[in-house]
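*Asks:*
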Amino acid sequence: MTRTLISHAQLRRGRGRVIYWTLLTVVVVGFTLVFLGPLYWMVTGALKSGQEIAQTPPTLFPRDPQPQNYVDAWTQLDLAKLLFNTFYYAAGAVLFQLVFDTAAAYALSKLRPAFGNVILGAMLATLMIPAMVLIVPQYQTVIDLPVLDLSLIDSPFAIWLPMVANAFNIFLLKRFFDSIPEEIMAAAFVDGATPLRTLWSIILPMSRPILGVVSIFAVTAVWKDFLWPLLVMPHPETRTISVGIYAFAAGTPQNVVVAASVIAALPTVVIFLIFQRNIMSGLTAGSLKG
Amino acid sequence: MTAPAPVKAEAGVSPKSRRKIRDNLTGHAFLIGAVLCFALFMWYPMIRGLVMSFQRTRRGVTTWVGWDNYLRIIDDPSFWIAWKNTFYFTGLALIVGFAVPFFVAIVLNEFRHAKGYLRVLVYLPVMLPPASALFLFKYYAYDPSEAGLFNAVLTWLHLPTSEWMQSPTMTMPAMVIASTWMNMGGAVLIYLASLQNISGDLYEAAELDGAGVWKRIWHVTIPQTRLILALLAMMQIVATMQLFIEPLILANGAGTQDSATSVAYLIYQHGFFQNDLNGAAALGVIMLVVLAAFSAVYLRLSTKD
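Chains as they are written, first to last, in my numbering: chain W, 1 to 290; chain L, 1001 to 1305.
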């Protein structure tokens, strides 16, 4: 291990050792309280009755657990429907992004057609435009697609197609493909493989890690997105889970809303705990060496 | 296997250029899906937004109105309140949300134990849907009575309690706390990765020169990570200027005495509640210009020395 701010020797001896262990304990306890504490509060709070949650001082454990709150959340807000919708949009987003963004990144990295760099530049330029600035004209586009004269409101394509226009993903994929040696491509062409076949049987199998990262990002992006689905999926039947909870919040008891929020958060938390290594490495790789 | 004829064919210009055209077509065929999506949902809306901001659509009839939308938007008293609030939030979030993750990363980088656990903890809130996390803050943490989580902790510490979202002066700090908790994980991970790239020799040399821990942070850590620090500060400012979901959920939009109205919330209000998409488009263009001007000044300053 390379040395950091403070040397190993200093940490292992006398006063340094005491300070190190004290600080480590304080940070571990502090972080657990700050980052897990609110989550514990959320899960157990939603188990309390309306009276217990309004009581001072608040109770650390629910005195009389009410799993009924979670059941109410599930049935009153029709969470099964909302979860299914969100899964469906997320799965489609992964598929569309993998197909179109991978193909585009492959073309820009390996096939390099005329004006490829201009197109890449125009794509990367969109990273400079804050999302909020485009929300109104994007909405206008979706309610009345140019040329086709068609409305995508309440159609899953209103989520899937705009997700393809993700310059960050194309940049990540292209950078990964750039690192695949040119000789492999040349060898495949000499063997008579078409560009599609080269992509499918040579490039993609080598790119599994980055495809995983892109897929996880797509799922979490759909799961966390709020304003866009609020606008383009207005019908109660097509809502995503975040939007559904928000739409019901006003007329629902607080504990039931929080119980629904817990259920809504479960899928992304589970995905994170399973894939944390890939997520964190993808995140840092993507942002560091740009 | 032998190579297909065209690869080695040097027979003349014509087959070669025909092959070039064919290669280009193949390349563009791979690009077409993504390019169409960018064209429809990014490039076209960029132009459309600008055009819309100079038009007005009433009962299906669209006319050019010059700067009318801009004047109407600026004339609205909430315009200035929203900008004031947005700048206040951005500034506060920068002080808290920028310094805290950096120091957290520096401390985490020194630990030889529990590093993976701490990293997972810090990033966990980032994975929650913002709506979920904000309902937790709204109902449980920022409950203005002493039953609320924060007030209970403050009472336990014998500190004065707060009315949080009910109090116009606490609204912004409360939103900054919630937003920092939800988002700081990303910054911590990026700082950690950049700290690991600092060569140990630099610390070694600084220590031999008699530099203490703080001096080493100031003279080695910060200069070595300056580029990432500058980039992340920039990204954070652009993100916080688009403050939207925090006021929408925590403060029901405008908040007590307009203390939460943000520019992004105003865009949403004009566009989707006041039936004024043209005004909303104009406000979007103003936001873009402010952010672009800000970025330009920032880039000038941060690349100067």
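Every residue, glycine too, gets a C-beta built ideally from N, C-alpha and C.
Does W:D49 have its Cβ less than 7 Å from a Cβ in chain L?
*Replies:* Strictly speaking, residue 49 of chain W in this sequence is Ser, with Asp absent from that position. Output row for W:S49: interface = no.
*Asks:* Grouping DSSP H, G and I as helix and E and B as strand, with all else coil, what is L:R1056?
*Replies:* strand
*Asks:* Give the C-beta separation of L:M1046 and W:I135 to the nearest angstrom, bearing in mind that I take them to be a contact with Cβ-Cβ under 8 Å.
*Replies:* So it is not a contact: roughly 12 Å between Cβ atoms.
*Asks:* For L:Q1196, does the count of other Cβ atoms within 10 angstroms reach 16, so buried, or fall short, so exposed?
*Replies:* exposed
*Asks:* Label L:F1102 either buried or exposed according to how many other C-beta atoms from any shown protein chain fall within 10 Å of its C-beta, with 16 as the threshold for buried.
*Replies:* By the neighbour-count criterion, in which 16 or more other beta carbons inside 10 Å mark a residue as buried, L:F1102 falls on the buried side.
*Asks:* Does the separation of the CB atoms of W:V133 and L:L1288 fall below 7 Å?
*Replies:* yes
*Asks:* What three-state label does DSSP hand W:V214 in the structure shown?
*Replies:* helix
*Asks:* At a CB-CB cut-off below 9 Å, which residues of chain W make contact with L:L1157?
*Replies:* Chain W residues near L:L1157: none, gap ~12 Å exceeds 9 Å.
*Asks:* So with CB distances below 7 Å, who are the chain W contacts of L:Q1242?
*Replies:* P130, A131, M132
*Asks:* Can you name the start and end residues of the alpha helix (DSSP H) that W:V29 belongs to?
*Replies:* 14-31
*Asks:* Does the beta carbon of L:M1175 come closer than 7 Å to any beta carbon on chain W?
*Replies:* For L:M1175, the nearest beta carbon of chain W is not closer than 7 Å to its own beta carbon.
*Asks:* So, is L:R1022 buried or exposed, given that buried needs 16 or more other C-beta atoms within 10 angstroms?
*Replies:* exposed
*Asks:* Between the region 1210-1228 of chain L and the region 1063-1077 of chain L, do three or more beta carbon pairs fall short of 8 Å?
*Replies:* no
*Asks:* Using 7 Å as the threshold, is the C-beta distance between L:E1110 and W:I19 below it?
*Replies:* no
*Asks:* What are the residues in the region 1125-1150 of chain L lying within 7 Å of chain W by C-beta distance?
*Replies:* P1125, M1127, L1128, P1129, P1130, A1131, S1132, F1135, L1136, Y1139, Y1140, A1141, S1145, E1146, A1147, L1149
*Asks:* Please list the partners that W:D101 has in chain L, where partner means a Cβ-to-Cβ separation under 8 Å.
*Replies:* A1034
*Asks:* Beta carbons nearer than 7 Å to chain L: which residues of the region 159-170 of chain W have them?
*Replies:* The residues in question are L161, P162, V164, A165, I170.
*Asks:* Between the Cα of L:Y1044 and the Cα atoms of W:Y89, W:Y139, W:T25, W:F168, which residue gives the shortest distance?
*Replies:* W:Y139
*Asks:* Compile a chain-ordered list of the residues in the region 215-234 of chain W whose CB is closer than 8 Å to at least one CB of chain L.
*Replies:* T220, W223, K224, F226, L227, L231
*Asks:* List, from N- to C-terminal side, the alpha helix (DSSP H) runs of 4 residues or more that fit wholly inside the region 101-152 of chain W.
*Replies:* 102-106, 116-125, 131-143
*Asks:* In its own chain, which residues sit with a C-beta less than 7 Å from the C-beta of W:I245, not counting the 5 before and 5 after it?
*Replies:* For W:I245, same chain residues with a beta-carbon under 7 Å away, outside a window of 5 residues either side, are L77, V257, A260, S261, A264 in chain order.
*Asks:* Quick check: the Cα distance between W:T8 and L:A1187, rounded to an integer number of angstroms?
*Replies:* As written in the sequence, residue 8 of chain W is His, which differs from the Thr given in the question. Approximately 26 Å between the Cα atoms of the pair.
*Asks:* Could you say which of L:A1105, L:L1243, L:S1179, L:G1253 lies nearest to L:L1128 if we only look at CA atoms?
*Replies:* L:S1179
*Asks:* Do you know how far the Cα of W:G92 is from the Cα of L:F1030?
*Replies:* 19 Å
*Asks:* Would you call L:K1138 buried or exposed, if buried means 16 or more other Cβ atoms sit within 10 Å of its Cβ?
*Replies:* buried
*Asks:* W:V164 and W:F100 look like a contact to me (Cβ under 8 Å); what is the Cβ gap, rounded to whole Å?
*Replies:* 5 Å
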